[in-house]
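Each position in the sequence shown, counted from 1, maps to that position plus 240 in our numbering.
Worksheet: the structure to be examined is printed underneath.
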Amino acid sequence: MRQMGSLILAAVVAVGLALACGESKPPPPPVAGLDAEAIIPLDAGELPSGEDAGPGLDAQDPGLIRQDAGFAYPPGPYGTAIGDTVDNIVLSGFPKGTKSTAWSTVSLADFHDPDGTKGTKTLFVDVSARWCSVCKGEAPELTELCRTYAAKGLACYTSLFQDESGNPARRDDVSWWMTTYGIEFAITVDPGFQWGLFFPEEATPFHAFIDARTMKIVGICMGADDGDNQCIHEGMDDFTRCPTAVCPVNQRCNAQGQCVRN
């Protein structure tokens with residue numbers, strides 16, 4: 241991406257000056273007609289929070305699934321910076337947002353598309369918290385952007401890690417976020433803050449662009465972005481313009497959406 245690095249730095253500076261989540265307008269009312277608990281009934285033995293009725297949180301927070309024989313996810317080493325392959329984070333949530341039929345496991349491997357058969361060029365990751373006013377302020381636009389760019393090969397994924405009080409997020413937080421903002425793409429709960437490997441809590445929200453062919457991180461945006469989400473807009477444009485998120489080595493994506501030699 242042409243200016244992704246400078247935009248990341250600008251966003252981080254903004255976080256350092258005023259923190260990412262200061263005062264902002266209250267969230268919009270829930271999308272009319274949407275009720276997550278009415279649309280998606282609880283699974284047998286499941287509590288409204290998304291926890292299993294038994295001890296522990298395993299059903300809610302599966303964690304990381306490692307490479308093994310027959311598992312097609314790209315092998316490590318894994319990292320958290322641009323150019324690194326992202327580990328296969330596996331959480332629980334609604335795989336298709338309000339269009340889901342059940343609360344189930346959602347993994348990054350679900351978006352891996354090495355041969356393009358899924359039609360996914362780029363995965364856009366949004367990590368937010370219910371206490372974060374910046375997250376709430378940008379959520380309606382992200383929903384619309386994800387809907388618009390889906391036709392261009394963008395898949396979207398949101399994960400909530402804390403509630404309004406800073407406690408680990410639960411299923412009801414995910415349901416509230418999903419119905420309030422009309423999310424129709426994957427949304428998960430991250431009570432163990434697995435995504436915390438990528439950014440400090442005070443830099444919330446975190447956004448990343450991942451090449452679906454290789455699962456390598458190709459862009460990162462963190463914290464407040466001058467109120468206009470420039471970093472996100474440029475990332476969605478840059479990483480969906482050509483047939484693949486990133487052109488082959490020694491090639492670039494031109495204005496006509498073609499990978500051409502430098």
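Just so it is clear, CB atoms sit at the ideal spot from N, CA and C, and this is done for glycine as well.
**Request:** Report back the beta-carbon spacing between Cys499 and Cys482 to the nearest angstrom; my notes put them in contact at under 8 Å.
**Result:** Confirmed, Cβ separation roughly 5 Å.
**Asked** When you compare only the Cα positions, how much space is there between Ser344 and Val414?
**Response** Rounded to whole angstroms, Ser344 to Val414 spans 13 Å at the Cα level.
**Asked** Rounded to a whole number of angstroms, what is the C-alpha to C-alpha distance between Asp283 and Ala342?
**Response** The predicted model places Asp283 with a pLDDT of 42, which falls under 50 and marks its position as unreliable; any figure quoted below should be read in that light. If you take the alpha carbons of Asp283 and Ala342, they lie about 7 Å apart.
**Prompt:** Expressed to the nearest angstrom, what Euclidean distance is found between the alpha-carbon atoms of Asp412 and His447?
**Reply:** 23 Å
**Message:** Check whether the region 451 to 458 and the region 417 to 429 are in contact - that is, three or more C-beta pairs closer than 8 Å.
**Reply:** no
**Buried versus exposed call for Asp298 [16 or more other C-beta atoms within 10 Å across all chains shown]** = Residue confidence is low: Asp298 scores 37 on pLDDT, short of 50, so the model does not pin down where it sits. No coordinate-derived value is stated.
**Message:** Distance check for Trp435 and Gly217, CA to CA, integer angstroms please.
**Reply:** The structure shown does not extend to residue 217, since the chain is modelled only from 241 to 502, so the question has no answer here.
**Item:** Endpoints, beta strand (DSSP E) assigned at Val365
**Value:** Thr362 to Ser368
**Prompt:** Relative to the alpha-carbon of Pro440, which residue among Gly463, Phe425, Thr383 and Val486 has its alpha-carbon at the smallest distance?
**Reply:** Gly463
**Message:** Can you tell me whether Ala278 is helix, strand or coil according to DSSP?
**Reply:** At Ala278 the pLDDT is 41, less than 50, meaning the model places this residue with poor confidence and gives no usable figure here.
**Message:** By DSSP's criteria, Thr444 is part of a beta bridge. Which residues make up the other side?
**Reply:** None, per the DSSP bridge assignment.
**Message:** Please give me, in chain order, every unbroken run of the beta strand (DSSP E) with length at least 3 that falls completely inside the region 371 to 407.
**Reply:** If one requires a minimum length of 3 residues, the beta strand (DSSP E) runs lying completely within the region 371 to 407 are 394 to 400, in chain order.
**Request:** Along the alpha helix (DSSP H) that carries Ser415, what are the first and last residues, could you check?
**Result:** Arg411 to Tyr421
**8 Å Cβ cutoff met for Tyr389 and Met476** = yes
**Prompt:** So, using beta-carbon positions, are Ala409 and Gln402 closer together than 8 Å?
**Reply:** yes
**Item:** As assigned by DSSP and simplified to three states, the class of Ile472
**Value:** helix
**Message:** In whole angstroms, give me the CA-to-CA distance for Asp327 and Thr444.
**Reply:** 20 Å
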